[in-house]
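Asker: Here the protein sequences line up with chains A and B, keeping their order. If you read the first sequence in our numbering, its first letter stands for residue 1, the second for the next number, and so on. If you read the second sequence in our numbering, its first letter stands for residue 1001, the second for the next number, and so on.
There are 2 protein chains.
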Amino acid sequence: MPTDQLSRTFAALADPTRRAILARLSEGEATVGELAEPFEMSFAAVSKHLRVLETAGLVSRGRDAQYRPARLDARPLAAASEWIGDYAKFWAGSFDTLGSYLDKLQHNDRATTDQATTAKENDDD
Amino acid sequence: MPTDQLSRTFAALADPTRRAILARLSEGEATVGELAEPFEMSFAAVSKHLRVLETAGLVSRGRDAQYRPARLDARPLAAASEWIGDYAKFWAGSFDTLGSYLDKLQHNDRATTDQATTAKENDDD
DNA sequence: GCTATATTCAACCTATCGGTTTAGAACTAG
DNA sequence: CTAGTTCTAAACCGATAGGTTGAATATAGC
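(1) When you compare the CB of A:L53 with every CB in chain B, is at least one pair closer than 7 Å?
(2) To which residues of the same chain is B:Y1067 closer than 6 Å at the C-beta, ignoring the five residues directly before and after it?
(3) Report the residues of the stretch 1063-1087 of chain B with a CB closer than 9 Å to any CB of chain A, ordered along the chain.
(4) Mind pulling the chain B residues with CB within less than 7 Å of A:L13?
(5) Check for me: the beta strand (DSSP E) holding B:A1070 runs from which residue to which?
(6) Could you tell me whether any Cβ in chain B is nearer than 7 Å to the Cβ of A:G16?
(7) Beta-carbon separation of B:H1049 and B:T1017 under 7 Å?
(8) Among B:E1034, B:A1012, B:A1092, which residue has its Cα nearest to the Cα of A:D73?
(9) Once the 5 residues before and after A:S60 are set aside, which same chain residues still bring their CB inside 8 Å of it?
(10) Straight-line CA distance for B:D1064 to B:R1075?
(11) May I ask which residues mark the beginning and end of the alpha helix (DSSP H) holding B:S1060?
(12) Check A:A20 in the structure and name its three-state DSSP category.
(13) Applying the 10 Å Cβ sphere with the 16-neighbour rule, what's the burial state of A:F90?
(14) Going by beta-carbon coordinates alone, are B:A1012 and B:L1058 separated by less than 7 Å?
(15) Taking 7 Å as the threshold (beta carbon to beta carbon), is A:F90 in contact with chain B?
(16) Determine the extent of the alpha helix (DSSP H) in which A:Q141 is found, giving its start and end residues.
(17) Given this structure, state the Cα-to-Cα distance separating B:L1022 from A:V46, to the nearest angstrom.
(18) State the DSSP-derived secondary structure class of A:A78, mapped to helix, strand or coil.
(19) Spatial neighbours of B:S1007 within its chain, please: C-beta separation below 7 Å, excluding the five flanking residues on both sides.
(20) Determine which residues of the stretch 30-46 of chain A have a Cβ less than 8 Å from any Cβ of chain B, and write them out in chain order.
(21) Would you list the one or two residues that DSSP bridges to B:Y1067?
Next comes the structure, spelled out in structure tokens:
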């Protein structure tokens, strides 16, 4: 996997187990055991997933006796959301190209575009 | 890679070359040759990247003589954006947990939460 | 039909992923 | 100190990712 932050974030999200772990952590801290419980998978495997999430900066770990509780850190998701947001104009018009999207913008000021409130001007990369 | 749509989308985005290809395609259709030009990489490699994007539904291909122009289809990004959007409330308060976020909501009605305009109510999962 | 151009297929290589198992480390409690 | 719990490290494994090269396919132009 490439070493840039955005790639690590997206790679971390590209696994349903890890997304489920993040969903669980959105309800609060959890130990490895608690996180592993819903899965038919060894503790070690979950521990590895946590490490991937940690390397991506999406999870931080603490220490409480034997336990090493994990907690969510959603900040890298902001950057990911921002990246995707630059493309919002392309799905706002569903099947449409940018051309017909701009066209539509001129014809009806507010109708199919209400979803695109997050859109930012595309800068560089 | 897991076979669900969201995983394929995130996996496709987890590579800077593919993100650059998408960025290029956001300016309009392009042939493999045009897409390969900025990279020190064989045509075949770019062709493979395009296939990953195509499998993820992010790119569709056409035919124009020998050329097989690729065009952006951003619709899968909408789902990805929605998934990430469910976590917006967690980065809105930066370091905070859900607990202190809800706490904050009660104590000051509008202050540190102005960033969270995209937040959707977290429903199922 | 031949040749040039654009793209993909097929085989191959190395590195990483996601999982396992087994052992060991970190800590608590008797 | 010993025993029990929780978690991670290490070694291993098969499958996939991302790249290469060289041959095959598709199309256009002559």
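Using N, Cα and C, we set each Cβ at its ideal position, and we do this for glycine too. Computed from a predicted structure; not experimentally measured.
Answerer: Taking the coordinates as given:
(1) By 1-based counting over the first sequence, the position of residue 53 of chain A is 53. Taking Cβ atoms only, chain B never reaches closer than 7 Å to A:L53, which makes this a no.
(2) For the purposes of this step, residue 1067 of chain B is identified with residue 67 of the second sequence, where counting begins at 1. Hits under 6 Å: T1031.
(3) Listed in chain order, the positions of the stretch 1063-1087 of chain B with a beta carbon within less than 9 Å of a beta carbon of chain A are R1071, L1072, D1073, A1074, R1075, P1076, L1077, A1078, A1080, S1081, W1083, I1084, G1085, D1086, Y1087.
(4) Here residue 13 of chain A refers to the residue found at position 13 of the first sequence. Correct list: F1010.
(5) Taking the second sequence and counting its residues from 1, one reaches residue 1070 of chain B at position 70. In the DSSP assignment, B:A1070 falls within the beta strand (DSSP E) that extends over 1070-1072.
(6) Numbered from 1 along the first sequence, position 16 holds the residue referred to as residue 16 of chain A. Note that residue 16 of chain A is Pro in the sequence shown here, rather than Gly. Interface residue, yes.
(7) Here residue 1049 of chain B corresponds to residue number 49 of the second sequence, with the count starting at 1. Here residue 1017 of chain B corresponds to residue number 17 of the second sequence, with the count starting at 1. Yes, these two residues count as a Cβ contact at 7 Å.
(8) On the first sequence, residue 73 of chain A is found 73 positions in, with the first residue counted as 1. The option with the nearest alpha carbon to A:D73 is B:A1092.
(9) Taking the first sequence and counting its residues from 1, the one referred to as residue 60 of chain A is at position 60. Excluding residues up to 5 positions away in sequence, E54, A70, R71, D73 lie with their Cβ nearer than 8 Å to the Cβ of A:S60 in the same chain.
(10) On the second sequence, residue 1064 of chain B is found 64 positions in, with the first residue counted as 1. On the second sequence, residue 1075 of chain B is found 75 positions in, with the first residue counted as 1. Linking B:D1064 to B:R1075 through their CA atoms gives a straight-line distance of about 24 Å.
(11) By 1-based counting over the second sequence, the position of residue 1060 of chain B is 60. Annotation: B:S1060 is outside any alpha helix (DSSP H); the continuous beta strand (DSSP E) that includes it extends over 1059-1061.
(12) Taking the first sequence and counting its residues from 1, one reaches residue 20 of chain A at position 20. In this structure, A:A20 counts as helix in the three-state DSSP scheme.
(13) Taking the first residue of the first sequence as 1, we reach residue 90 of chain A at position 90. With 16 or more Cβ atoms within 10 Å of its Cβ, A:F90 is classed as buried.
(14) One-based indexing of the second sequence puts residue 1012 of chain B at position 12. One-based indexing of the second sequence puts residue 1058 of chain B at position 58. Yes, they are a contact pair.
(15) Position 90 of the first sequence holds residue 90 of chain A. Chain B, which has a Cβ nearer than 7 Å to the Cβ of A:F90, makes this yes.
(16) Residue 141 of chain A lies beyond the range of chain A shown here (1 to 125); nothing can be said about it.
(17) For the purposes of this step, residue 1022 of chain B is taken as the residue at position 22 of the second sequence. For the purposes of this step, residue 46 of chain A is taken as the residue at position 46 of the first sequence. Near 32 Å, if we compare the C-alpha coordinates of A:V46 and B:L1022.
(18) Residue 78 of chain A sits at position 78 when you count from the first residue of the first sequence. If DSSP states are grouped into helix, strand and coil, A:A78 belongs with the helices.
(19) Taking the second sequence and counting its residues from 1, one reaches residue 1007 of chain B at position 7. The residues are M1001.
(20) Across the stretch 30-46 of chain A, no CB contact with chain B closer than 8 Å is found for any residue.
(21) Within the second sequence, the letter at position 67 stands for residue 1067 of chain B. Answer is B:D1064.
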